[in-house]
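In my numbering, the protein residues as written are 28 to 88.
For each residue, glycine too, the CB sits at the ideal point set by N, CA and C.
Just so you know, these numbers come straight off a predicted model, no measurement behind them.
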């Protein structure tokens, strides 16, 4: 039996609500464990973006 789009949305909403706290706890642990790497990636990407300048601008052809 095919589910309607509304049934599918309701299922996903309910699933997320049930697992929201668990997911947030896992993300907090991940952020703590990888904080140094995440910050280093941010710094690297910021420098890379500045170095490339206008080359990353999609409006420039």
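The beta carbon of residue 37 is closer than 8 Å to none in its chain, skipping five residues each way along the sequence. In the structure shown, residue 30 falls within a coil segment according to DSSP collapsed to helix, strand and coil. The C-alpha of residue 51 is placed about 17 Å away from the C-alpha of residue 39. DSSP places residue 68 in the helix class (H, G or I) of the three-state scheme.
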